[in-house]
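Chemist: So the protein sequences, as listed, match chains A and B.
In case it helps, the numbering used here puts the first sequence at residues 15 to 182.
In case it helps, the numbering used here puts the second sequence at residues 15 to 182.
In this text, a Cβ means the ideal position worked out from N, Cα and C, and glycines have one as well.
One structure, pasted below without further comment.
Protein chains: 2
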Amino acid sequence: MDQDGRRRVIADAVCLLADERGLEGVTMRDVAARADVSLGAVQRCFRTKDEMLKFALEEVGRRILGRVGDSPAEAVRAIALPERAEAKVWLAFVAQAVVSPHLAPVLRASYADLQAMFSRLLGDPLKARTLLALADGLTTQVLIGHLTPDQAREVLSGGLAGPAGPAG
Amino acid sequence: MDQDGRRRVIADAVCLLADERGLEGVTMRDVAARADVSLGAVQRCFRTKDEMLKFALEEVGRRILGRVGDSPAEAVRAIALPERAEAKVWLAFVAQAVVSPHLAPVLRASYADLQAMFSRLLGDPLKARTLLALADGLTTQVLIGHLTPDQAREVLSGGLAGPAGPAG
DNA sequence: GTCTATGCGATACGTTCGTATCGGAATCGG
DNA sequence: CCGATTCCGATACGAACGTATCGCATAGAC
């Protein structure tokens with residue numbers, strides 16, 4: 015049967031649940047229910063929960079990188095704006111990766127890819143790092159409700175107007 | 015007995031554990047053991063686990079704000095550098111607050127205080143927001159090992175040399 | 001002194017987790 | 001058409017969680 019397609023479906027369910035309740039609200043049973051498969055099916059796709067989370071993180075990384083690559087001009091917006099569901103999921107994985115040796119390398123790889131792409135885009139690694147960090151911080155602060163998306167956009171435009179190049 | 019002092023000790027234990035294993039690795043039993051009190055004592059101090067986490071978050075917020083207030087000139091460093099144990103704990107709470115209605119207001123309040131202080135310091139709310147977001151993003155990226163502390167400092171200096179005022 | 005009330009640490013309870021195991025349908029070679 | 005094998009969903013299991021309960025010390029009133 016389509017084993018790999020099912021892994022994708024399950025990863026989607028992981029993201030949905032992580033978006034709603036955070037990563038610690040993601041249980042094997044709930045993932046199975048959300049993906050409309052049995053608990054046994056989830057277990058057959060992934061030997062352990064860690065493996066499942068790792069795959070889901072890789073999938074999210076690919077998805078984000080893909081969106082940035084699809085429209086480089088919109089890269090800033092694609093990364094920075096928390097309207098995308100991935101923002102919450104991403105933050106959940108980041109927090110987990112900080113204390114999980116299994117997840118950390120996967121996340122580092124995604125960040126490396128992202129920064130490489132931004133460096134190519136802006137022609138300056140330092141600007142890329144600045145933009146990436148600013149986007150991360152702004153996304154976080156919008157997610158917790160400290161900034162509105164409009165305020166975040168304002169910061170992004172203002173902060174990049176100076177030494178970090180055009181804001182797009 | 016000194017009920018309030020014990021709450022402080024327990025909050026410390028919460029932070030220690032959150033720093034090591036993340037917030038989902040914080041259990042009532044482990045907190046009690048780390049704080050050298052009985053499980054019953056923890057329960058008497060805080061009616062529920064959520065209440066305990068909420069208090070711990072408030073405590074961390076006060077501590078960070080206090081350090082910034084103590085040395086405004088060092089504010090950037092105090093916030094941005096992830097060498098302080100609070101960085102990891104803070105990130106853990108941020109991730110949790112995004113999906114927890116109980117924690118979110120507490121975190122928002124801390125961010126509001128922080129931004130007010132930075133606005134006063136820099137004389138420009140936009141600069142304050144930029145600095146705060148940049149510091150948040152850099153701290154996160156250092157924590158996951160994508161940037162070294164030195165690289166983060168470099169970004170911070172470069173990013174602030176332009177429109178955001180002196181980097182200190 | 002005794003009695004009472006208060007605060008303590010230990011233990012018990014019900015739930016939920018990740019994982020392991022198991023009986024039955026479906027598939028394929030003969 | 002039949003036996004073996006593989007795959008599937010359901011169920012079982014041990015551990016660990018948050019929370020509730022319970023004896024037992026201890027301090028103050030009389």
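1) At least one CB of chain B closer than 7 angstroms to the CB of E21/A: is that the case?
2) Please list, in chain order, all residues of the same chain as G75/B whose beta carbon is under 6 angstroms from its beta carbon, the five residues on each side excluded.
3) Terminal residues of the continuous alpha helix (DSSP H) containing S133/A?
4) Is it buried or exposed for R143/B, if we count other Cβ within 10 angstroms and need 16 for buried?
5) For a cutoff of 7 angstroms on Cβ pairs, would you count L117/A as touching chain B?
6) Taking CB distances under 7 angstroms as the criterion, tell me whether G137/B reaches chain A.
7) So if I threshold CB-CB distances at 9 angstroms, which residues from the region 26-38 of chain A count as touching chain B?
8) Taking C-beta pairs closer than 8 angstroms, name the residues in chain A that I158/B reaches, listed in chain order.
9) Check distances from the C-beta atoms of the region 141-156 of chain B to those of chain A and list, in chain order, the residues that come in under 8 angstroms.
10) Have a look at D127/B and E73/B and give me their C-alpha separation to the nearest angstrom.
11) Does L105/A get closer than 7 angstroms to chain B when you measure Cβ to Cβ?
12) Put R267/A into one of helix, strand or coil per three-state DSSP.
13) Could you name the residues of the region 53-86 of chain A whose beta carbon sits closer than 7 angstroms to any beta carbon of chain B, in the order they occur along the chain?
14) Skipping 5 residues on each side, what residues in its chain have a beta carbon closer than 8 angstroms to that of L121/B?
15) Answer yes or no: does any C-beta atom of chain B fall closer than 7 angstroms to that of V40/A?
16) Do R43/B and L30/B have their beta-carbon atoms positioned less than 7 angstroms apart in this structure?
17) Please state whether the Cβ-Cβ distance between E38/B and E38/A is less than 7 angstroms.
18) So, helix, strand or coil for A49/B, using DSSP?
19) Determine, for V169/B, whether the minimum Cβ-Cβ distance to residues of chain A falls below 7 angstroms.
20) State the CB to CB distance for the pair Q155/B and A147/A, rounded to an integer number of angstroms; the pair is presumed to be in contact (CB under 8 angstroms).
21) For P139/A, which of T153/B, P119/B, G137/B and Q165/B has the nearest alpha-carbon?
22) What did DSSP end up calling S114/B once you bin it into helix, strand or coil?
23) DSSP three-state label for G159/B, please.
24) Taking G159/A as the reference, which of K102/A, V51/A and A32/A has the closest Cα?
25) For G172/A, tell me which candidate among T41/A, D150/A and L145/A has the shortest Cα-Cα distance.
Modeler: By the coordinates alone:
1) In the sequence as presented, Glu is not what sits at residue 21/A; that position holds Arg. Cβ-Cβ to chain B under 7 angstroms: no for R21/A.
2) S124
3) L117 to L136
4) buried
5) no
6) no
7) A32, D33, E34, R35, G36, L37 and E38
8) V108, A111, V112, A118, L121, R122 and Y125
9) R143, T144, L146, A147, L148, A149, D150, G151, L152, T154 and Q155
10) 14 angstroms
11) yes
12) Residue 267/A cannot be examined here, being either before or after the span of chain A that is shown, 15 to 182.
13) none
14) L71, G75, F107, V108 and A111
15) no
16) no
17) yes
18) coil
19) yes
20) 6 angstroms
21) Q165/B
22) coil
23) coil
24) K102/A
25) L145/A
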